[in-house]
Each structure stands twice: as C-alpha cells, then as structure tokens.
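In our numbering, the protein residues as written are 33 to 371.
All residues carry an ideal CB built from backbone N, CA and C; glycine is no exception.
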C-alpha cells in the first residue's frame with residue numbers, strides 16, 4: 033500500500049480507501065453482517081487506513097460498524113465522515129439520500145458532530161465533510177464558523193466537502209469554491225477514466241490552495257471493473273439502478289460504457305494490470321489526488337484493488353492516449369453512443 037497527504041495538510045490516507053457505504057446500506061448487495069465486518073478487517077490487514085463514511089449511511093450503521101469492527105485500531109486509522117442530511121426527524125432508512133432534507137444550521141451541525149463522535153467511539157473526527165452540498169452551503173458563513181469552532185475544540189481535525197449524489201456540471205463550481213473560498217482540506221468528487229468532466233478545474237484549485245482531492249466511483253459504478261456484459265442485471269434497490277431512470281436507458285449506459293472500455297485494452301494488454309487496477313493507476317497519476325474509494329463488496333475485488341499500487345504506473349504515452357480518447361468520446365459516433 034502507498035500513502036499520501038491531502039495536499040499540504042497533515043491529513044494522511046492510504047491511496048486505496050474504503051467507502052463504508054457498501055457495507056452499511058443495502059444498495060450494493062452486502063447485507064450479511066459477518067461479510068461486512070470481514071471486508072473491513074481484511075482491508076485494514078492489507079494496509080487500508082482511510083475509511084470514508086457518513087452519519088446517514090444505514091441511519092448511523094456506517095459509523096457504528098467502524099467502531100465495532102476496527103475500534104481497537106482507531107489511532108492507526110484516518111476516519112472521514114459526513115453530515116448535513118437530517119435523518120433524526122424521520123428515522124428509518126430511505127431509498128435514497130435525496131429523500132432527506134439538509135440542515136446546515138449551527139445547532140444541527142453541532143448536534144450531528146456530537147452524535148457521530150458517539151457512534152464512532154472516538155474523541156475526534158479526522159475529516160468532517162459536508163454531504164452532497166450545494167453552493168448555498170459553501171457560501172454559508174455561519175456554517176463554516178461552526179466548523180471552525182468544532183476544529184478549535186478538537187472535535188474535528190479538518191473539514192471538507194463531498195459533492196453529489198450524482199455527477200453534475202454544477203459541482204465544478206462547488207468544488208472550486210470550496211477550495212478557493214473556504215480552503216477546505218479536501219473535496220470529494222466522481223471522477224474516472226470514463227467521467228472526467230469535474231477533474232481539471234477542481235485539481236487546479238486543489239493545487240493552488242494546498243488541498244487534496246478524494247475520488248469516489250473510480251470504476252464508473254462497476255463498468256471499469258471488467259466484469260459487466262450487455263446482459264448484466266442489478267438487483268432491485270441496487271445503487272447502480274439509480275444511474276439511469278429506465279431499463280432501456282440502463283441498457284444504453286452499459287452498451288456505451290462497454291464500447292468505450294474496448295478502446296482501453298492497451299492499458300491492460302501486456303502491462304501486468306487488470307482493468308480495475310489500471311483505472312486506479314490513472315487516478316494516481318494526478319498529484320493532487322490523494323485517495324480513491326473503490327466500491328468494495330467482495331474479498332477478491334478488495335485484494336485486487338489493494339494490489340493496484342504495486343502495478344506499473346501509467347506511462348506518459350498511455351496517459352496521453354487516454355486523454356485523446358476522452359476528447360473524442362472514445363471514437364464513438366453519435367449513433368453508436370446513442371445505441
């Protein structure tokens with residue numbers, strides 16, 4: 033495993049992090065408690081020290097499972113959690129986080145922080161992130177004054193923003209403002225070989241302000257893991273079903289992605305990398321990118337991703353070829369892309 037700091041901060045992370053959403057919600061098919069805990073323990077054994085969760089995952093389960101499984105290793109871990117969704121008013125796991133209202137008031141943020149500290153069984157949160165915030169939250173002076181108070185009290189070490197839930201062009205402005213106006217330690221975005229629209233401006237803002245970038249969905253919701261076919265189906269309630277609104281659009285998304293992946297074969301052939309590992313090495317070629325959060329839902333996949341730092345980095349020629357392909361929409365004609 034390799035490790036990087038978030039920009040110029042003292043916040044350190046394994047380059048492969050663990051997004052706890054896969055083992056604390058029902059959206060990725062990991063529902064057996066023993067399997068969930070086994071994945072967390074094995075990740076730690078493989079050198080994963082960065083764990084990204086949220087208070088809303090499983091209505092608190094995303095935090096208590098870390099405490100119950102890895103609590104004895106607290107001082108060896110970097111814990112990032114998120115806040116902003118009010119799940120206290122109407123408890124009970126919702127089908128999607130967008131169902132819940134945001135509350136950025138100082139009173140709510142202070143309460144949310146205290147409750148997260150209790151669930152995590154810790155006296156400090158290493159990285160406290162605004163969860164799927166919009167520009168209005170980033171412009172909220174009272175909110176950031178509250179975060180500074182929590183930081184001064186030692187309850188949080190750093191704060192950042194996690195943008196989402198789905199990828200949106202508005203998030204470029206949100207990420208840039210978070211770095212340039214609020215000087216956050218980190219911004220979390222969706223970014224991968226197939227979806228690069230948020231990267232350049234956010235990376236530039238991170239460089240200029242001394243922050244770091246965290247990436248989720250590094251495998252484009254599984255497309256870049258190399259196991260999908262045009263016949264792939266997802267169980268009802270699976271997170272990947274929310275990528276597109278109808279089964280017809282989902283089929284088109286799969287077909288489009290698979291055609292693009294065929295054109296990335298040069299990243300695998302004779303390189304000693306799997307497609308999933310090449311997708312991670314593409315991310316780590318960006319200096320401001322601190323940590324990638326692959327979706328982890330079985331041991332084989334966990335082992336593959338944790339071995340990725342030991343595979344050959346992408347060469348300058350490979351990176352240039354990727355950029356050329358992306359600029360040309362991977363050579364697909366409009367008819368192919370719409371098929």
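Exercise for review: Could you please give me the residues that DSSP links to residue 362 through a beta bridge?
Suggested key: Beta-bridge analysis with DSSP links residue 362 to no other residue.
**Study point:** beta strand (DSSP E) runs contained entirely in the region 58–113, provided each spans 3 or more residues
**Key:** 82–84
Check your understanding: Shortest alpha-carbon distance to residue 210 belongs to which of 187, 81, 176?
Key -> 176
Practice item. Just the C-alpha distance for residue 226 and residue 356, rounded to the nearest angstrom, thanks. Key: 12 Å
Point to revise | Contacts around residue 106, its chain only, beta-carbon distance under 7 Å, and the 5 residues preceding and following it disregarded | key: 154
Exercise for review: Kindly indicate which three-state DSSP category residue 337 falls into: helix, strand or coil?
Suggested key: It is helical.
Practice item. Report the rounded CA-to-CA distance for residue 199 versus residue 255, giving the unit in angstroms. Key: 16 Å
**Study point:** Cβ-based burial, residue 48 [other Cβ within 10 Å; buried from 16]
**Key:** buried
Point to revise | For residue 116 and residue 234, the rounded distance between their alpha carbons | key: 22 Å
Practice item. Can you tell me which of the three DSSP states residue 140 falls into? Key: Here residue 140 carries a helix assignment [DSSP, helix/strand/coil].
Exercise for review: Kindly indicate which three-state DSSP category residue 284 falls into: helix, strand or coil?
Suggested key: helix
Check your understanding: Is residue 167 near residue 193, with beta carbons less than 7 Å apart?
Key -> no
Check your understanding: If you run the structure through DSSP and keep just helix, strand and coil, what is residue 238?
Key -> helix
Review point. Between the C-alpha atoms of residue 100 and residue 109, what's the straight-line distance to the nearest angstrom?
Key: 14 Å
Review point. Which of the three DSSP states, helix, strand or coil, is assigned to residue 353?
Key: helix
**Study point:** Straight-line Cα distance separating residue 137 from residue 364
**Key:** 47 Å
Review point. Is the region 306–320 in contact with the region 337–352, if contact means three or more CB pairs nearer than 8 Å?
Key: yes
Practice item. State the Cα-Cα distance for the pair residue 141 and residue 290, rounded to the nearest angstrom. Key: 42 Å
Review point. With which residues is residue 382 paired in a DSSP beta bridge?
Key: Coverage of the chain is limited to positions 33 through 371, which leaves residue 382 absent and any answer about it impossible.
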